[in-house]
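Since the structure comes first, as structure tokens, the remarks are kept for the end.
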Amino acid sequence: QGSPFMSYFQLYSIAVQYTSNMKLALATLVFAAPAYAFVPTGSFGVQSALKMSTETSSEKAFAKLPASVKPGVVTGKALEDLLNDAKEKGYAIPGVNIVGTNSINSCMEAAAKYGGPIMVTFSKGGGQFIAGKAADNSGDKASIAGAIAGAKHVREVAKLYGVPVVLHTDHCQKAWLPWIDGLLVASEEYFAQHGEPLFSSHMLDLSEEPLEENIAICKEYMEKFAKLNILLEFELGVTGGEEDGVDNSGVDSSRLYTQPEEVYYAYEQLSQVPNAMFTCAASFGNVHGVYAPGNVDLQPVILHNSQKYIAEKLNNGDSKPMKFVFHGGSGSSVEDIRYAIEAGVIKMNIDTDTQWAFWDGVRQYEAKYHDYLQGQIGNPDGPEKPNKKYYDPRMMLRAGEEAMAARLVKAAEDLNCVNVLN
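Given below as structure tokens:
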């Protein structure tokens, strides 16, 4: 009865209503679907990722090392596993003092060549040198900043060498503890971001203090370290000679030899700290530097006697409960080194020998290209020939790196640390 216009309008209204209903039905189907159709797929994806993550973390990166040990910086449980592996299999890791990226890179280059781990060691003076000798070092600011900068360099490049690297700091006397405190702050910040400390381990050298005070302070720091999975290296007795600001050249010779009772006391006290990881630099006649034969009387038997004494006290079936470190390793005989390793030495410090090796590499470079290093222009090939490629600092520094790396390969051979990865 209505006009055609009304009929068209009614038809249009019906069409719109039909379309709206269809859209609503489709939307209900699509948005309701995840409740029963898409969730299992998403859940499967998460489970697969978790499974893949677990499998990756448990896969062995090195055929001969524990699965926890991966290329790059090693800390916490992985570090403990690595050191236990060294003690059980009878090898020791070279612990090398460094002063910049050149010596750092030499360490990792050598480790890649000999097929084993390496310990990159920062001293207080080495940290200051990395920051720059002109930098403000009041309150140890440069020593702290330089060591942190060096540690971050290692973390950025270590994996490129495909070897395990331990980030360590060397002798810290009582007066130098603020230096360690500064590094500890950096590790706390790094731990909050990455779940591991910036540094793998720190050494406290409080051997000038009475035994009880030495271990009491070590125990105080062990409690701080343990919360961040940092290993503590402590010293008993005195390492003779002089190195990087630590001068014990005039010390009474009796203090160069640690007694087993002292080692056990330290072991017992530090073991009371939950999650404690520690190594002991027990003196057995060690002297920093290189001396003429006969001037140094090493007695590695002290380490054997100490292990026996502690083992008898603990009576738990472990014949070598303490992990020892060997200070003043430069110039030592292979026989003394390997006898010490048999007593549970898992790391030997090297500095004097690698310093000489680096210099010797530079010296040989200068001798080889002497006539090309007397001016920017002019050499045996012609009076107008440029010499830039010869005096480029990278050339002589690379010669030093190569010589230092070669010396460390020899050290690794002495330490039974060759081909221990694969």
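All residue numbers for the sequence shown refer to the working numbering, where the first residue is 53 and numbers rise by one. C-beta: ideal position from N, C-alpha, C; glycine also.
Three-state secondary structure assigned by DSSP to SER155
helix
Contact check, ILE156 vs HIS205 under 8 angstroms by CB: the rounded distance?
6 angstroms
Beta-carbon proximity check, HIS254 vs THR221, cutoff 8 angstroms:
yes
Suppose you measure from the CA of PRO432 to the CA of TYR442; what does that come to, to the nearest Å?
13 angstroms
Looking only at C-alpha atoms, which of THR153, GLN180, GLU111, VAL172 sits nearest to THR127?
VAL172
Using only alpha-carbon positions, find the residue among ALA392, GLU272, HIS223 that is nearest to VAL148.
HIS223
In terms of residue numbering, what span does the beta strand (DSSP E) encompassing GLY178 cover?
Element bounds for GLY178: not the beta strand (DSSP E) but the alpha helix (DSSP H), 176-183.
If I follow the unbroken beta strand (DSSP E) through THR331, where does it start and stop?
330-334
Is the CB-CB distance between GLY214 and PRO123 below 8 angstroms?
yes
Can you find the residues in the same chain that come closer than 6 angstroms, C-beta to C-beta, to ASN327, ignoring five residues on each side of it along the sequence?
ALA278
Tell me whether PHE114 sits in a helix, a strand or coil according to DSSP, three-state version.
coil
Under a three-way DSSP split, which group does ALA457 fall into?
helix
Can you tell me the Cα-Cα spacing of GLY167 and ALA458, whole angstroms?
13 angstroms
Classify GLU111: buried if its beta carbon has 16 or more other beta carbons within 10 angstroms, exposed otherwise.
exposed
Please report the straight-line C-alpha distance between GLY369 and GLU208, rounded to a whole angstrom.
41 angstroms
State the DSSP-derived secondary structure class of PHE277, mapped to helix, strand or coil.
helix
From GLY427, PHE114, ALA451, ARG450, residue whose alpha carbon lies closest to that of LYS440:
GLY427
State the start and end residues of the unbroken alpha helix (DSSP H) segment that holds THR404.
404-420
State buried or exposed for PRO249, treating a residue as buried only when at least 16 other CB atoms are found within 10 Å of its CB.
buried
Hey, GLY337 and TYR361 are a contact pair by Cβ (cut 8 angstroms); roughly how many whole angstroms apart?
18 angstroms between Cβ atoms; not a contact.
My output table needs one value for SER190: the three-state DSSP class, helix, strand or coil.
helix
Quick check: the region 261-271 against the region 309-321, are at least 3 beta-carbon pairs closer than 8 angstroms?
yes
Could you give the first and the last residue of the continuous alpha helix (DSSP H) run that contains VAL237?
229-246
Pop quiz: ASN474 and PHE114 are said to be a contact at Cβ under 8 angstroms. What is the actual Cβ separation, rounded to whole angstroms?
6 angstroms
Per DSSP, cross-strand counterpart(s) of HIS220
THR173, SER253
Buried versus exposed, by CB contacts within 10 Å (16 or more), GLN180
buried
Can ASP412 and ALA455 be called in contact, C-beta distance under 8 angstroms?
yes
Outcome for ALA244 when other beta-carbon atoms lying within 10 angstroms are tallied against a minimum of 16:
exposed
If you measure between the beta carbons of VAL143 and ASN468, is that distance less than 8 angstroms?
Before going on, a small fix: residue 143 reads as Tyr here, not Val. Yes. Within cutoff.
Among the candidates GLY434, TRP408, GLU418, whose CA atom is the shortest distance from the CA of ARG446?
GLU418
Run through the DSSP bridge pairs and tell me what LYS399 is partnered with.
ILE145, VAL377
Taking GLU240 as the reference, which of TRP231, PRO230, PHE251 has the closest Cα?
PHE251
Look at the alpha carbon of LEU355 and the alpha carbon of LEU117, and state the distance between them as a whole number of angstroms.
25 angstroms
Coil, strand or helix - ILE282 by DSSP:
coil
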